[in-house]
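A.B. asks:
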Amino acid sequence: MAKIAVYPGSFDPITNGHIDVIKRASKVFDHLIVAVLVNDSKKSMFTLDERLDILKHSIDNLDNVSFDSFSGLLVDYCKEKQLSAIVRGLRAISDFEFELQMAQMNRQLYDETETVFFTTSEQYSYLSSSLVKEVAKFGGKIDGLIPDYAIMKMKQKLSRGE
Ligand SMILES: Cc1cn(CCC(=O)O)c2ccccc12
652 MAKIAVYPGS
662 FDPITNGHID
672 VIKRASKVFD
682 HLIVAVLVND
692 SKKSMFTLDE
702 RLDILKHSID
712 NLDNVSFDSF
722 SGLLVDYCKE
732 KQLSAIVRGL
742 RAISDFEFEL
752 QMAQMNRQLY
762 DETETVFFTT
772 SEQYSYLSSS
782 LVKEVAKFGG
792 KIDGLIPDYA
802 IMKMKQKLSR
812 GE
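Its first residue numbered 652, the sequence shown is counted upward by one per residue in the numbering used here.
#1: Quick one: grab the DSSP three-state call for residue 773.
#2: Report yes if the C-beta distance between residue 683 and residue 658 is below 7 Å; otherwise report no.
#3: Return the bridge partner residues of residue 766 from the DSSP annotation.
#4: Can residue 677 be considered in contact with ligand 1, in the sense that its beta carbon sits closer than 6 Å to one or more heavy atoms?
#5: Here's the rule: buried if 16 or more other CB atoms are within 10 angstroms of the residue's CB, otherwise exposed. What is residue 740?
#6: Can you list, in chain order, the stretches of the beta strand (DSSP E) that have 3 or more residues and sit fully within the region 666 to 725?
#7: CA-CA distance, residue 668 and residue 733?
#8: Can you give me the start and stop residues for the beta strand (DSSP E) that residue 793 sits inside?
#9: Between the region 660 to 678 and the region 794 to 801, can you find at least three pairs of beta-carbon atoms closer than 8 Å?
#10: For ligand 2, any of its heavy atoms closer than 6 Å to the Cβ of residue 657?
#11: Can you give me the C-alpha to C-alpha distance between residue 716 and residue 772, rounded to a whole angstrom?
#12: Taking the alpha helix (DSSP H) that residue 801 belongs to, which residues open and close that run?
#13: Applying the criterion that 16 or more other CB atoms from any shown protein chain within 10 Å of the CB defines a buried residue, is residue 804 buried or exposed?
#14: Let me check one thing: in DSSP terms, what residues is residue 656 bridge-paired to?
#15: Among residues of its own chain, excluding the 5 on either side of residue 690, which ones have a beta-carbon nearer than 7 Å to its beta-carbon?
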């Protein structure tokens, strides 16, 4: 039975740290779905379509990775697709408390899909999408932190004052 995993996130935008996790997880699972979480309560810089577009342009060389979006409970998505695992990335110990809480709640809700953690390369351990956006907003250099396509889209958006 093929082992299919989902890597959920807001990816607003994707960072090179996320990509590091995606590359690592794509080597472990038969197929990896990178799924953008639709969360209307959270103000995002990029729309859902823009985030999916950036993802597809940023990860075009892994043939066992696909893209999707979902709203509602992650475990309902896992149940519907009969997924083996939820992939989550860890940057530093500070990520662990929240991730452990999510993993234990998800197990309580649906104990058929395991949460599997991948540690990102230490060169990205300080990276977050929100910090990158903050730096970009003030004209700071973000080359090497997020994919070039994402940089181009972010510069477009910032130049429009969005
Ligand atoms: C950018 C980024 C955020 N996180 C926290 C979880 C998330 O929001 O996706 C990561 C975990 C591993 C690698 C990179 C990241």
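The C-beta atom is built at its ideal place from N, Cα and C for all residues, glycine as well.
C.D. replies: Let me lay it out:
#1: If DSSP states are grouped into helix, strand and coil, residue 773 belongs with the helices.
#2: Taking C-beta atoms as the reference points, residue 683 and residue 658 count as a pair closer than 7 Å.
#3: Listed as beta-bridge partners of residue 766 by DSSP are 737.
#4: No, Cβ of residue 677 sits at least 6 Å from all heavy atoms of ligand 1.
#5: Counting Cβ neighbours within 10 Å, residue 740 comes out buried, since at least 16 surround it.
#6: DSSP runs (the beta strand (DSSP E)) wholly in the region 666 to 725: 682 to 688, 716 to 721.
#7: Each residue's Cα considered, the two are about 27 Å apart.
#8: That residue, residue 793, is in no beta strand (DSSP E); it is neither H nor E in DSSP.
#9: Per the Cβ contact rule, the region 794 to 801 is in contact with the region 660 to 678 (3 or more Cβ pairs under 8 Å).
#10: This structure simply doesn't include ligand 2; it includes ligand 1 instead.
#11: So the alpha carbons of these two residues sit roughly 20 Å apart.
#12: Under the DSSP assignment, residue 801 falls in the alpha helix (DSSP H) whose first and last residues are 799 to 810.
#13: The residue in question, residue 804, is buried, as its Cβ has 16 or more Cβ neighbours within 10 Å.
#14: Residue pairing by DSSP puts residue 656 in a beta bridge opposite 683, 736.
#15: Taking C-beta separations shorter than 7 Å and ignoring five residues to either side along the sequence, the partners of residue 690 in its chain run 661, following chain order.
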